[in-house]
Amino acid sequence: MDDKIKIIEYKVENFDEISEGKLEETIEKVKLVNGVLDAKFDNENKSLRYGISDKTSDYDVFSTICGIFEEENIEFDFGGDEEVKDTSGEGEQAEPEEETEEDKKTEKKKERKFDIIESVVILSISAILILIGFILRKKNNVATWIYMFGYALAGYETLYSIISDFAEKRYFGEKIIILVSSFVILYFGYRLAGSLIIFAYSLNAFIRTLLNDKAEKIKELDYSDEQKAKWNEDSERMKKAKKNLLLYDLVTLGIGLLIAFIPPLFKIKQYGALLTSKWLYTGVLFIVFTRIGNVLYSLKSSRVFAFLKSADNGVNIPDNRLIDRLSVVDCVCMGRTGVITNVNGKIAETVAEDKERLTKILVSAESVARGVVARVLLDTYSEVEKFEVTDGKYYEGKGVECYIDGKKIVVGNRSFLKKHGVEVENGDYGYSLFVAENGVLLGYVKFDFAVKTDARGAVKELREDVGVKVELLSGDDVEVVDDMKDRFEFSSAVANASADYKAKYIAENKAVFVGDALSDGETIDKTELAIVMNGDKECGKIAIPSGEIRKVPFALKVARRLKKVIKQNILLAIIGKVVLIGLAVVLKLALNFDGLSLAVILGVILDNSILLNSCRNLTETV
498 MDDKIKIIEY KVENFDEISE GKLEETIEKV KLVNGVLDAK FDNENKSLRY
548 GISDKTSDYD VFSTICGIFE EENIEFDFGG DEEVKDTSGE GEQAEPEEET
598 EEDKKTEKKK ERKFDIIESV VILSISAILI LIGFILRKKN NVATWIYMFG
648 YALAGYETLY SIISDFAEKR YFGEKIIILV SSFVILYFGY RLAGSLIIFA
698 YSLNAFIRTL LNDKAEKIKE LDYSDEQKAK WNEDSERMKK AKKNLLLYDL
748 VTLGIGLLIA FIPPLFKIKQ YGALLTSKWL YTGVLFIVFT RIGNVLYSLK
798 SSRVFAFLKS ADNGVNIPDN RLIDRLSVVD CVCMGRTGVI TNVNGKIAET
848 VAEDKERLTK ILVSAESVAR GVVARVLLDT YSEVEKFEVT DGKYYEGKGV
898 ECYIDGKKIV VGNRSFLKKH GVEVENGDYG YSLFVAENGV LLGYVKFDFA
948 VKTDARGAVK ELREDVGVKV ELLSGDDVEV VDDMKDRFEF SSAVANASAD
998 YKAKYIAENK AVFVGDALSD GETIDKTELA IVMNGDKECG KIAIPSGEIR
1048 KVPFALKVAR RLKKVIKQNI LLAIIGKVVL IGLAVVLKLA LNFDGLSLAV
1098 ILGVILDNSI LLNSCRNLTE TV
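Here is the structure:
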């Protein structure tokens, strides 16, 4: 008799406190223990399960596992039981392993790979048969059967999907138009055109499937379902585009029906007996040929690919409305702190008669403030005992107004103090915070914020490569802003800018505001179109969590490419097909050549070009 397997399970007391990475690392160590046949953590029961042979010492294995758990600070709850599973074939079989999510994904990938191979084989055989039929077209009976086989192969999946759609959704859609039209054309003896139409649609469906597979990556991204759903919502511009394309479809459908049924009503004798079939063929072919379903599909897929491209590069663009607006901006307005300069600053100098008291007042006042400066102060002087602050009010980018021991305290830049009646002499202060008590200047603290290494290159890229104006909107004093303007060659720079001023300026111009999540919170809240440096991806604005300014031009390039791709696809579909129809007419009139069949072939290439063009944002370097 074969050995029996003991399945042993122990509860893990602190299971919820252990990271997924540590669990995976620990289980690999347990599997290496001598005598352990298999092991896993049960997430539902919050336990460790492992199997050993009945000839293996339980104590030795358990002692070793206890040592591993002790190293990883994992605690057993010794209420677990052990049960014996008979693997000899005579008793109960060993409990099978539960299928993990990873196993399911692997299996799904295998199935998907098989489906793709199957589709490629079917389409290839169909294409070969259609080509052979064309070569043997003079042998009418042989060519007809070959075309029919090619048609059946290419049209099988389309027919199956039509039946599936109707069974599930009670809906036919464009597929039924294509299938019926191709069959009508085939019935009237135009085998090549009929076979090409169904082949073209099947090929389009196959490419769409491949693009859908790429788009499925969006589900793997670490974003909320609500945010992902926003990307499926249409912006106003998208809704308008879809409405116009639908109108185009209705117009071309009407023209096709007129071509098919109006001429036969005129009983002109010279047209002969085949009048009806020829006009019906021409009208139906026109309807099929002018379909632009690929464009409608590309509107959605191109947006998803733009989102994926952005997300893969650390830029979160939460919805279509924002990317639409971003694609047309001609001005980028930047804050300074956290955008041009790093958020990790340091105190360079403290100037005051009583530095200790100044520091204490400053730290107390800044406790009601937000922003990078406040964080630097509070982190640096975390041990300093604070005064009690009353009636504290923070002005973004300006300073703080409050009361300490009944005395009015004003902390901020020179302009802020001047508004409160406190004059500060001219001097090279750089970025400094001044402190006044009851209208008397007590001193100031000078800060040092290093310029980001990629800041100069990003501003230049925006100006030269993207082709937009780059402006500085800052709450800093004039001296600081002027220095930044000269160093970075901003188109313009505004000093002492309030949050209201910034928001109004952005709203009145085709501009986007780039600000730091901490320093420019009020401005960002008041501005619809903003890029938030160091911002959370769920903030509802375009966010760059890493704070890398070089990703600002990247975001604009992605948005502009999306706009370009959509425009290209619409023009390709409409103008391209008009040109091909014109070519068909010219060939028929001038050379008596069946130009419609040639137009169908070129139309296949055109339609698939539209599909492939929709994923440029994903495949090309920005």
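Count along the sequence shown from 1, then add 497; that gives the number in our numbering.
Don't be surprised by glycine CBs; every beta carbon is placed ideally from N, CA and C.
The structure presented is a predicted model; accordingly, all values stated were derived computationally and were not measured.
Phe987 and Val870 do not touch by the CB rule: their CB atoms are close to 22 Å apart, not below 8 Å. Boundaries of the alpha helix (DSSP H) around Leu793: 790-809. Under the 10 Å beta carbon count, Glu713 is surrounded by fewer than 16 other beta carbons and is classified as exposed. By DSSP's assignment, Leu689 forms no beta bridge with any residue. In this structure, DSSP gives Glu569 a state outside helix and strand, which the three-state scheme calls coil. Using a C-beta cut-off of 8 Å, the segment 793-812 makes no contact with the segment 994-1006, since fewer than three inter-stretch Cβ pairs fall below that distance.
In the same chain as Leu1069, and ignoring 5 residues on each side of it, the C-beta atoms closer than 6 Å to its own belong to Ile1107, in chain order.
In the three-state scheme derived from DSSP, where H, G and I count as helix and E and B as strand, Lys982 is classed as helix. Residue environment: Phe758 is assigned as exposed (fewer than 16 neighbouring CB atoms within 10 Å of its CB, all protein chains considered). The segment 1014-1021 makes contact with the segment 863-879; the number of CB pairs closer than 8 Å reaches 3 or more.
Between Thr834 and Ala952, the CB-CB gap reaches or exceeds 9 Å. If you draw a straight line from the Cα of Phe802 to the Cα of Ile1046, it comes to about 22 Å.
For Val870, the enclosing alpha helix (DSSP H) covers residues 869-877.
Leu1026 carries a coil assignment under DSSP once its states are collapsed to helix, strand and coil. For Arg634, the three-state secondary structure derived from DSSP is coil. A residue is called buried when at least 16 other Cβ atoms come within 10 angstroms of its Cβ; Asp925 does not meet this threshold and is exposed. With 16 or more neighbouring CB atoms inside 10 Å of its own CB, Lys1038 falls in the buried class. As computed with DSSP, Thr838 is found in a beta bridge with Thr834, Val948.
C-alpha of Ile504 to C-alpha of Glu517: approximately 23 Å in a straight line. In the DSSP assignment, Phe913 falls outside any beta strand (DSSP E) and lies within the alpha helix (DSSP H) extending over 911-916. Straight through space, the alpha carbons of Pro815 and Ser721 are spaced by roughly 10 Å. Counting only residues of its own chain and dropping the five nearest sequence neighbours on each side, Glu572 has a CB closer than 8 Å to the CB of Val509, Glu510, Asn511, Phe566. If you look at Asp539, you'll find it in the beta strand (DSSP E) that goes 533-539.
Lys1007 sits in coil when the DSSP states are folded into three classes, being neither helix nor strand. The beta carbons of Tyr644 and Ser679 sit no closer together than 9 Å.
By the beta-carbon neighbour count (other beta carbons within 10 angstroms, threshold 16), Val965 is buried. Annotation for Gly518: the continuous alpha helix (DSSP H) segment containing it runs 517-528. A residue is called buried when at least 16 other Cβ atoms come within 10 angstroms of its Cβ; Ile1003 meets this threshold and is buried.
Phe696 sits in a helix when the DSSP states are folded into three classes.
Per DSSP, Lys857 is one residue of the alpha helix (DSSP H) stretching across 852-863.
In this chain, Leu823 is not harboured by any beta strand (DSSP E); it is covered by the alpha helix (DSSP H) spanning 817-823.
Counted as a single uninterrupted DSSP element, the beta strand (DSSP E) harbouring Thr887 occupies residues 886-892. For the pair Gly691 and Ala1087, the Cα-to-Cα distance works out to about 24 Å. Per DSSP, the unbroken beta strand (DSSP E) holding Ala845 starts and ends at 843-849.
Comparing alpha-carbon positions, the option among Arg634, Phe696, Ser879, Trp642 lying closest to Ile619 turns out to be Phe696. With fewer than three CB-CB distances shorter than 8 Å, the segment 989-996 does not count as touching the segment 810-826.
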